[in-house]
Amino acid sequence: MDLDWPGCRNVRDVGGLPTADGRVVREGVLIRADSLQYLTADGIEAVRRSGVSRILDLRGDGEVAIAPTPFTGTPLAVRQSLVDPADPDHGQATIVSACTWMLDKRPELFAAAVKAIADEPDGAVVVHCHGGKDRTGMIVALALSVAGVPEEEIVADYYLTQSRLAQWLEEQLAEEPDVAKHPELIEFRDTRAESIVEILRHLDEKYGGPEAYLRQGGLTDEDLTKLRARLVA
Numbered sequence: 108m109d110l111d112w113p114g115c116r117n118v119r120d121v122g123g124l125p126t127a128d129g130r131v132v133r134e135g136v137l138i139r140a141d142s143l144q145y146l147t148a149d150g151i152e153a154v155r156r157s158g159v160s161r162i163l164d165l166r167g168d169g170e171v172a173i174a175p176t177p178f179t180g181t182p183l184a185v186r187q188s189l190v191d192p193a194d195p196d197h198g199q200a201t202i203v204s205a206c207t208w209m210l211d212k213r214p215e216l217f218a219a220a221v222k223a224i225a226d227e228p229d230g231a232v233v234v235h236c237h238g239g240k241d242r243t244g245m246i247v248a249l250a251l252s253v254a255g256v257p258e259e260e261i262v263a264d265y266y267l268t269q270s271r272l273a274q275w276l277e278e279q280l281a282e283e284p285d286v287a288k289h290p291e292l293i294e295f296r297d298t299r300a301e302s303i304v305e306i307l308r309h310l311d312e313k314y315g316g317p318e319a320y321l322r323q324g325g326l327t328d329e330d331l332t333k334l335r336a337r338l339v340a
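Next comes the structure, spelled out in structure tokens:
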């Protein structure tokens, strides 16, 4: 369900997605978004009206320093970067290889982000990065997988971001006069369903699936049970 938060381009409640056992993800517990840095005054008020109890910012220290959100440094905000400051740049040529590099490099950071969703007892958790596309997409996909949402539903939710960010991609291409750089911009800014499919296959083939991956990152049975109880009605 899309949410109207003026200043955000890509924000939605994933509530209502079905699980394989016939239940549904609860509304008002998990919201995915692009960066909240551009929220207007009306947008900030809309966030507060949405019953948000935790805002999980997946961006790195440099990103946050350059572009803090209205909630940065407040009790609502929780920082959980998915890369360690000591890590080198990923240096990958495709968005899928960049994402799988991140997953392989720091499973403990991905697990910590998912645990931050599980540990919030009440209200909605907002997960965001910059565009709300890949880092947010991976964390939401991991959480939904644990909740029992079928892969096709996870992929369909991920793909919704393409239409939400299409105008933003057009703007970035228009602002880059060097057309030789356009293919790279498209590679890392477009949202293709195939990307999350390949990422999920990587988790299956290398770790035995999202849940096994999160266990390798440090999540316990208790953590996973709390996450399911939080997300599924």
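Residue numbers (the numbering used here): 108 to 340. Virtual Cβ for every residue (Gly too), placed ideally from N, Cα, C.
Residue i to residue j span [Cα, whole Å]
| i | j | result |
| --- | --- | --- |
| histidine 197 | tryptophan 208 | 7 Å |
| lysine 240 | glutamate 278 | 17 Å |
| glutamate 318 | serine 252 | 7 Å |
| isoleucine 151 | valine 159 | 11 Å |
| glycine 123 | arginine 139 | 14 Å |
| glutamate 329 | glutamate 134 | 23 Å |
| leucine 272 | aspartate 229 | 30 Å |
| alanine 148 | glutamate 294 | 33 Å |
| valine 304 | proline 290 | 21 Å |
| glycine 167 | proline 192 | 8 Å |
| histidine 226 | leucine 331 | The sequence given here places aspartate at residue 226; histidine does not occur at that position. If you take the alpha carbons of aspartate 226 and leucine 331, they lie about 10 Å apart. |
| valine 154 | proline 113 | 10 Å |
| glutamate 259 | aspartate 128 | 15 Å |
| glutamate 282 | alanine 336 | 45 Å |
| arginine 322 | histidine 309 | 16 Å |
| glycine 315 | leucine 267 | 27 Å |
| aspartate 194 | aspartate 211 | 12 Å |
Beta-carbon separation (whole angstroms), residue i vs residue j, contact threshold 8 Å
| i | j | result |
| --- | --- | --- |
| leucine 163 | leucine 189 | Their Cβ separation, rounded to whole angstroms, is 11 Å, which puts leucine 163 and leucine 189 out of contact at 8 Å. |
| valine 136 | leucine 338 | 6 Å |
| histidine 237 | glutamate 312 | Their Cβ separation, rounded to whole angstroms, is 28 Å, which puts histidine 237 and glutamate 312 out of contact at 8 Å. |
| leucine 334 | alanine 263 | In fact, because the Cβ distance is near 21 Å, the residues do not count as touching under 8 Å. |
| proline 175 | glutamine 199 | No, proline 175 and glutamine 199 are not in contact; Cβ-Cβ is about 28 Å, not under 8 Å. |
| threonine 126 | valine 247 | Between valine 247 and threonine 126 the Cβ distance is about 15 Å, and since that is not below 8 Å, they are no contact. |
Delimiting residues of the beta strand (DSSP E) encompassing residue i
| i | result |
| --- | --- |
| serine 160 | 159-164 |
| arginine 139 | 137-140 |
Pair within 7 Å by beta-carbon distance, residue i and residue j
| i | j | result |
| --- | --- | --- |
| serine 142 | histidine 235 | yes |
| glutamine 274 | threonine 298 | no |
| valine 221 | arginine 161 | no |
| arginine 119 | leucine 110 | yes |
| leucine 344 | arginine 242 | The question about residue 344 has no answer here: the residues shown for the chain are numbered 108 through 340. |
| valine 130 | alanine 287 | Correcting the residue identity first, residue 130 is arginine in this sequence and not valine. Contact: no. |
| glycine 325 | alanine 218 | yes |
Alpha helix (DSSP H) segment containing residue i, residue limits
| i | result |
| --- | --- |
| leucine 249 | 242-254 |
| valine 118 | Taken as a continuous stretch (DSSP letters only), valine 118 belongs to no alpha helix (DSSP H), as it is neither H nor E. |
| glutamate 294 | 289-296 |
Item to check | Length-filtered (3 minimum) beta strand (DSSP E) runs lying within the segment 164-240 | outcome: 184-186 and 231-235
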